[in-house]
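These notes concern the structure reproduced below.
Numbering (the working numbering), first residue to last: 19 to 647.
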């Protein structure tokens with residue numbers, strides 16, 4: 019089996035009730051259209067299923083009383099029959115017109131609100147859920163509203179309202195007809211409910227299996243190059259066959275249970291109800307209305323028992339739509355933890371200085387990364403964050419962006435606590451270039467303009483030129499109009515990083531976060547963008563995460579993080595002179611490994627130092643390197 023299992027518990031009762039509340043709110047919001055949409059088809063059904071047969075029954079009763087029928091006496095019934103059907107069809111069409119609008123407007127609003135809910139989720143949420151599974155869930159949440167409303171309109175309201183009308187008519191003939199009918203309906207519901215509840219669990223398992231199939235398909239498609247590189251097509255195909263087979267098995271089990279257990283109970287009950295109706299009509303039929311009463315009883319009981327027989331189908335449709343909707347609403351039961359304050363402060367920082375005050379943070383269920391971390395970044399300073407992997411460098415930048423909230427302590431920008439600011443206001447201060455730049459399946463121009471949608475073409479091209487995007491954009495089939503493919507698959511890693519840098523240039527924010535922003539660039543490409551980066555940092559507060567020390571050697575100050583603690587701070591030369599953690603990392607990257615020599619960097623001869631720097635340049639490039647004092 020693969021490792022992309024999304025198996026989890028089926029949606030619980032709380033999730034189903036939440037889905038029902040969402041759908042109910044939509045009907046309430048659209049009540050002007052929803053009320054006629056729900057009721058008018060039921061009124062049409064009354065005309066077709068009950069009024070028209072009643073006219074035929076009276077015609078049959080008159081024929082029985084008079085020993086036949088002439089055209090004259092029968093004509094009013096015939097005309098009434100035709101007018102009834104015509105009015106019923108008209109009412110039906112009006113109801114359908116309203117229903118179309120309720121469903122279209124409701125689905126539109128649910129699609130939008132579902133996406134809004136996902137956009138409000140914490141960053142960690144998307145690390146734990148497959149994009150394919152989330153896509154299916156959020157789209158099903160909107161789409162299943164159509165099935166829910168159709169079932170409510172045609173199967174429930176469209177059957178129950180006419181049934182009430184039919185019961186009134188039957189009561190006028192013989193009250194025992196009504197008593198017998200409702201006793202049989204109640205008996206059927208009581209005996210079938212336990213079986214239907216059992217089938218609900220089977221449906222939950224079926225829907226979870228379908229979600230696992232969609233999640234695996236999306237995961238495979240998004241990583242197709244990796245699959246091909248490892249010749250893993252047969253393995254992934256086998257995994258897909260296994261998941262589809264499991265989905266088929268659970269689907270058949272739920273279907274067979276409905277057919278062989280639920281329907282085999284309801285079918286005999288519906289037959290028994292019809293027979294009972296005829297017996298009551300024959301036994302209690304009064305003189306002169308026997309034929310009419312029998313026809314009415316037969317027709318109305320047939321309509322009612324059809325509802326009984328469809329009871330399982332109605333429940334099946336509802337449970338299917340609500341289970342799929344609950345697959346999404348169960349995600350809403352755990353609200354996001356990163357929220358705007360109830361009364362956020364207006365954005366008014368005195369400067370762009372950054373201060374981490376006694377920050378403690380741990381990922382959920384993990385040991386703390388930071389314990390009482392303190393760090394000051396003066397406004398306009400260019401700070402390099404270095405250290406071994408896992409030291410907390412990237413986490414620090416994500417906390418500054420409020421991708422997660424600190425557990426204790428606080429983070430200030432210009433004296434303002436970032437937790438008191440609106441997230442949108444906070445992030446408007448920051449231009450962020452991640453280690454793995456995200457690309458949308460849009461044009462190259464759109465990907466750059468994502469940083470500032472209102473930018474002019476001239477501003478976009480200027481940013482692209484500053485990040486040396488124009489050099490490869492001119493070679494693309496449609497230039498800046500070229501679609502870059504899902505996740506930028508048509509671009510190389512270095513080209514994607516240049517696009518991300520162009521975004522930062524276009525963003526023109528006062529604070530710059532670079533997280534290994536040149537890690538995918540070759541030495542030549544790094545040289546092309548180094549001047550642009552230094553110009554971009556000029557006058558801005560910059561935090562630059564780097565594993566390659568040569569890329570941050572020219573920073574105003576270097577901060578060495580190790581296991582969530584600041585172990586050293588200073589300029590490049592100061593830290594080398596200290597002969598501490600930074601010096602050992604520099605020696606490691608300059609040629610040789612830790613422990614190969616006891617010679618410290620400051621003891622190297624000028625020739626050795628020159629060769630060391632050359633080695634670093636050859637191996638790592640020097641996009642951010644400036645002459646070091």
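Cβ coordinates follow ideal geometry from the N, Cα and C atoms, glycine included.
Please read these numbers as outputs of a predicted model, since none were measured by experiment.
Whole-angstrom C-beta distance between residue j and residue i, which should lie under 8 Å
{"i": "residue 261", "j": "residue 230", "result": "6 Å"}
{"i": "residue 54", "j": "residue 113", "result": "6 Å"}
{"i": "residue 585", "j": "residue 531", "result": "About 22 Å; that fails the 8 Å criterion."}
{"i": "residue 142", "j": "residue 422", "result": "7 Å"}
{"i": "residue 335", "j": "residue 173", "result": "7 Å"}
{"i": "residue 535", "j": "residue 515", "result": "6 Å"}
Same chain, Cβ closer than 7 Å to residue i, neighbours up to 5 away in sequence not counted
{"i": "residue 217", "result": "272, 275, 276, 280"}
{"i": "residue 135", "result": "350"}
{"i": "residue 362", "result": "438, 439, 440"}
{"i": "residue 618", "result": "Any reading at residue 618 needs caution, since the residue's pLDDT is 37, under 50, leaving its predicted position unreliable; the model's value is listed next. Once the five neighbours on either side are set aside, the close Cβ partners of residue 618 are 597, 601."}
{"i": "residue 491", "result": "462, 482, 497, 498"}
{"i": "residue 51", "result": "116, 119, 120"}
{"i": "residue 555", "result": "400, 530"}
{"i": "residue 319", "result": "199, 291, 292, 295"}
{"i": "residue 139", "result": "354"}
{"i": "residue 345", "result": "29, 155, 158, 225, 229"}
{"i": "residue 648", "result": "For the chain, the structure presents residues 19 to 647; residue 648 sits outside this window and is missing."}
{"i": "residue 611", "result": "Here residue 611 scores only 36 on pLDDT, less than 50, and its place in the model should not be relied on; the value that follows carries that caveat. The answer is none, since no qualifying residue turns up."}
{"i": "residue 570", "result": "402, 404, 562, 564, 576, 642"}
{"i": "residue 424", "result": "377, 378, 379, 417"}
Sub-8 Å separation of residue i and residue j beta-carbons
{"i": "residue 175", "j": "residue 56", "result": "yes"}
{"i": "residue 65", "j": "residue 106", "result": "yes"}
{"i": "residue 377", "j": "residue 578", "result": "no"}
{"i": "residue 560", "j": "residue 400", "result": "yes"}
{"i": "residue 564", "j": "residue 519", "result": "no"}
{"i": "residue 430", "j": "residue 373", "result": "yes"}
{"i": "residue 129", "j": "residue 160", "result": "yes"}
{"i": "residue 183", "j": "residue 41", "result": "no"}
{"i": "residue 322", "j": "residue 298", "result": "no"}
{"i": "residue 494", "j": "residue 448", "result": "no"}
{"i": "residue 417", "j": "residue 379", "result": "yes"}
{"i": "residue 409", "j": "residue 581", "result": "yes"}
{"i": "residue 284", "j": "residue 329", "result": "yes"}
{"i": "residue 325", "j": "residue 181", "result": "yes"}
{"i": "residue 412", "j": "residue 533", "result": "yes"}
{"i": "residue 109", "j": "residue 58", "result": "yes"}
{"i": "residue 196", "j": "residue 185", "result": "yes"}
{"i": "residue 460", "j": "residue 501", "result": "yes"}
{"i": "residue 300", "j": "residue 309", "result": "no"}
{"i": "residue 558", "j": "residue 607", "result": "no"}
Contacts around residue i, its chain only, beta-carbon distance under 6 Å, and the 5 residues preceding and following it disregarded
{"i": "residue 473", "result": "467, 524"}
{"i": "residue 162", "result": "339, 342, 343"}
{"i": "residue 149", "result": "236"}
{"i": "residue 317", "result": "71"}
{"i": "residue 99", "result": "70, 73"}
Which listed residue (the options) has its alpha carbon closest to that of residue i
{"i": "residue 31", "options": "347, 462, 520", "result": "347"}
{"i": "residue 104", "options": "52, 133, 70, 155", "result": "70"}
{"i": "residue 224", "options": "171, 263, 533, 241", "result": "263"}
{"i": "residue 392", "options": "46, 38, 427, 479", "result": "427"}
{"i": "residue 97", "options": "77, 109, 82", "result": "77"}
{"i": "residue 552", "options": "567, 574, 566", "result": "574"}
{"i": "residue 270", "options": "137, 245, 220, 313", "result": "220"}
{"i": "residue 62", "options": "188, 205, 178", "result": "178"}
{"i": "residue 126", "options": "590, 233, 359, 164", "result": "164"}
{"i": "residue 455", "options": "548, 506, 44", "result": "506"}
{"i": "residue 288", "options": "309, 265, 202, 151", "result": "202"}
{"i": "residue 36", "options": "282, 132, 227", "result": "132"}
{"i": "residue 395", "options": "208, 432, 38", "result": "432"}
{"i": "residue 45", "options": "170, 568, 212", "result": "170"}
{"i": "residue 286", "options": "205, 360, 243, 255", "result": "205"}
{"i": "residue 389", "options": "375, 383, 382", "result": "375"}
Residues of its chain near residue i, where Cβ-Cβ distance is below 8 Å and the 5 sequence neighbours each way are ignored
{"i": "residue 446", "result": "365, 527"}
{"i": "residue 406", "result": "580, 603"}
{"i": "residue 207", "result": "329"}
Checklist entry - Can we say the region 516 to 524 touches the region 460 to 480, given the rule of at least three CB pairs closer than 8 Å? => result Yes, they touch.
Checklist entry - How do the region 244 to 254 and the region 290 to 300 stand: do at least 3 beta-carbon pairs fall below 8 Å, yes or no? => result The answer is no - the region 290 to 300 does not touch the region 244 to 254, with fewer than three Cβ pairs under 8 Å.
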